[in-house]
Amino acid sequence: MIEFKNVSKVYPNGVTALKNIDLTINQGEFVAIIGLSGAGKSTLIRTINKMHPITDGSLTVNDIDVSQLKGKELRRFRRDIGMIFQSFNLVNRAKVITNVLNALVPDLPAWRNLIGYFTKEEEIFALEQLDRVGILDKAYTRVDQLSGGQQQRVALARTLAQSPKIILADEPVASLDPVTANVVMNDFKRINRDNNISVLINIHHVELALEFCDRIIGIRDGEIVFDGPSDKVDQETLNYIYKGKTEAMEGVS
Ligand SMILES: Nc1ncnc2c1ncn2[C@@H]1O[C@H](COP(=O)(O)OP(=O)(O)OP(=O)(O)O)[C@@H](O)[C@H]1O
């Protein structure tokens, strides 16, 4: 369970990105965070793994006080939390499977990491993760020979190899065409359902959020202005979250 209690975040430059956030996310939820650019979506997601430390209030993940974590404890904590970025963050000149195997590196002795030696079992495990996102056939292809959608699926397979309890995804489909974005959102949904992994996604495509995610959190100027099931989100709700910027929701009924 992820629990925000009266959490605020002020960046060193004085910008208040989150204001008095109270939020509970149970294990296995699939949550979309929506709102205008600059509303605080990224900041919210990134406080959960302490990429951005909170400045006030309390944030716990499975009863662990995130603010208190540092060094080895923080690294161990982050092993349970996968992170997916818009830009994939893969090693482009390496093979797909090498990227997935890299997720195992923190658990391996340094000498094996250095020489890139992996056992047959580890390789099979990595192949299984690629299979889970339907991209097994690309295992021995170099990442820079893949499309954006394929690269995002490799990123997802690499995250799965960490065996995470939570996946945080910051605009994971923003740079993908609509068809590929659907495929990747389907992957998230399947992983969420099959493995009870909590998935939190920042997303600008409202129609995808409503189609795939169970719960919608609307943020405006650092505050939660809507929190409810996706089937309860109507045009009025979206107008409220986006405060009149209705062009963001064209086509949503
Ligand atoms: N590292 C930083 N230092 C200072 N201010 C920041 C930093 N990151 C974000 N901000 C500010 O915090 C506020 C929230 O930004 P955030 O990136 O969380 O919004 P967002 O909703 O994710 O936006 P977008 O949809 O454009 O990614 C904005 O005013 C932004 O300028």
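In UniProt numbering, the protein residues as written are 1 to 253. Note that the Cβ used here is the ideal one computed from N, Cα and C, for glycine as well. A quick note: this is a predicted structure, and the numbers were derived from the prediction, not measured.
Determine, using beta carbons only, whether Leu176 and Gly134 come nearer to each other than 7 Å.
no
Assuming the contact rule is C-beta atoms closer than 8 Å, Leu18 and Lys9 should be a hit. Round their C-beta distance to whole Å, please.
Taking the Cβ atoms as the reference, Leu18 lies roughly 4 Å from Lys9, within the contact range of under 8 Å.
Do you know how far the Cα of Leu101 is from the Cα of Phe125?
9 Å
With C-beta atoms as the reference, is Asn202 less than 7 Å away from Ser42?
yes
Under DSSP, the beta strand (DSSP E) around Met83 begins and ends at which residues?
81–85
What I want to know is whether the C-beta of Thr55 ends up closer than 6 Å to one or more non-hydrogen atoms of ligand 1.
Short note on Thr55: C-beta not closer than 6 Å to any heavy atom of ligand 1.
If you follow the alpha helix (DSSP H) that Thr180 is in, where does it begin and where does it stop?
178–195
Start and end of the beta strand (DSSP E) containing Asp22?
Residues 16–25.
Counting only C-beta atoms, is Asn49 closer than 7 Å to chain D at any point?
The displayed structure is made up of one protein chain only, and chain D is not part of it.
Of the choices Asn89, Gln145, Ile219, whose alpha-carbon is the least far from that of Leu23?
With distances taken between Cα atoms, Leu23 lies closest to Ile219.
Rounded straight-line distance, which links the Cα of Gln150 to that of Gly228:
32 Å
Along the chain, where does the beta strand (DSSP E) containing Lys5 start, and where does it finish?
From DSSP, the beta strand (DSSP E) with Lys5 extends over 2–10.
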